[in-house]
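*Asks:* Here the sequence shown stands for residues 340 to 489, where the numbers follow the working numbering.
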Amino acid sequence: MSTGPILIQPDGGHELHEFGDKMTVFLNGEQTAGQMAVMAAETPPGMGPPPHIHHNEDELFLVIDGSISYFRGDDWVPVRPGGVVYVPRHSLHSYRNDGDTPSHHWVITTPSGFEVFFARCAEEFAKPGEPAIDRIVEIALEHGTELLLG
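1) Using the Cβ count rule (16 or more neighbours within 10 Å means buried), how would you classify ASP414?
2) Taking GLU454 as the reference, give the member of GLY438, GLY483, SER406, ARG419 with the closest Cα.
3) Within its chain, find whatever has a CB closer than 6 Å to the CB of VAL377; leave out the 5 residues flanking it on each side and keep chain order.
4) Give me the Cβ distance between ILE392 and SER442, rounded to the nearest whole Å; I'm assuming they're in contact under 8 Å.
5) Threshold first: 3 residues or longer. Then list the beta strand (DSSP E) segments lying entirely within the region 411-457, N to C.
6) Would PRO384 and ASP473 be called neighbours here (beta carbons separated by less than 8 Å)?
7) If you draw a straight line from the alpha carbon of THR449 to that of GLY359, how long is it in whole angstroms?
8) Cα-Cα, which of VAL402, PRO467, GLN370, ILE475 is closest to HIS444?
9) What does the alpha-carbon distance come out to for the pair VAL476 and GLU485?
10) For ILE478, collect the residues of the same chain with a Cβ closer than 8 Å to its Cβ; drop the 5 residues on either side in sequence, then sort them by chain order.
11) How would you call THR342, buried or exposed, if buried means at least 16 neighbouring beta carbons within 10 angstroms?
12) Going by C-alpha to C-alpha distance, which of HIS353, GLN370, TYR409 sits closest to VAL423?
13) Use the C-beta contact count for GLU357: other C-beta atoms within 10 angstroms, 16 or more gives buried, fewer gives exposed.
14) Just how far apart, CA to CA, sit MET386 and LEU399?
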């Protein structure tokens with residue numbers, strides 16, 4: 340853990356691929372003493388994670404560009420670039436790229452830990468063939484997350 344400011348350059352993150360996204364982890368729990376994780380997501384058109392609930396983390400999205408809608412319990416709401424979405428833990432949510440070009444947003448979770456979930460899922464998505472959805476669901480539950488599939 341750092342005892343002072345942590346500076347990460349734009350090319351200094353660790354890239355992961357999961358749920359169709361390219362997620363770049365810029366700050367993880369080891370760097371922030373478990374306080375937060377900071378990631379940048381690039382989502383291809385038509386993609387996004389399934390609706391889910393985090394029981395361990397609050398999540399903040401900062402929209403950079405693209406056409407992104409966020410699911411908040413029962414409806415999809417478009418959020419323009421520069422918009423902010425706060426998702427307290429225990430809230431059903433998701434996002435999707437509604438446009439025809441990749442969308443980008445920052446993802447900040449408090450406390451940290453969700454970046455570990457992403458890394459473990461990225462390992463499953465990197466295996467040949469289709470990812471084992473049962474294994475993804477198991478990993479999610481181990482990290483206090485419920486995926487609502489189907």
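For every residue, glycine included, the Cβ atom is placed at its ideal position computed from N, Cα and C.
Because the structure is a prediction, the values reported are computed rather than measured.
*Replies:* In terms of the structure at hand:
1) exposed
2) GLY483
3) Excluding positions up to five away in sequence, the list reads PHE365, LEU366, ILE447.
4) Between SER442 and ILE392 the Cβ distance is about 22 Å, and since that is not below 8 Å, they are no contact.
5) 415-418, 423-426, 431-436, 442-449
6) no
7) Going from the Cα of THR449 to the Cα of GLY359 covers about 23 Å.
8) VAL402
9) Taking the straight line joining both Cα atoms gives about 7 Å.
10) PHE456, ARG459, CYS460, GLU463
11) exposed
12) TYR409
13) Buried, since its Cβ has 16 or more Cβ neighbours within 10 Å.
14) 19 Å
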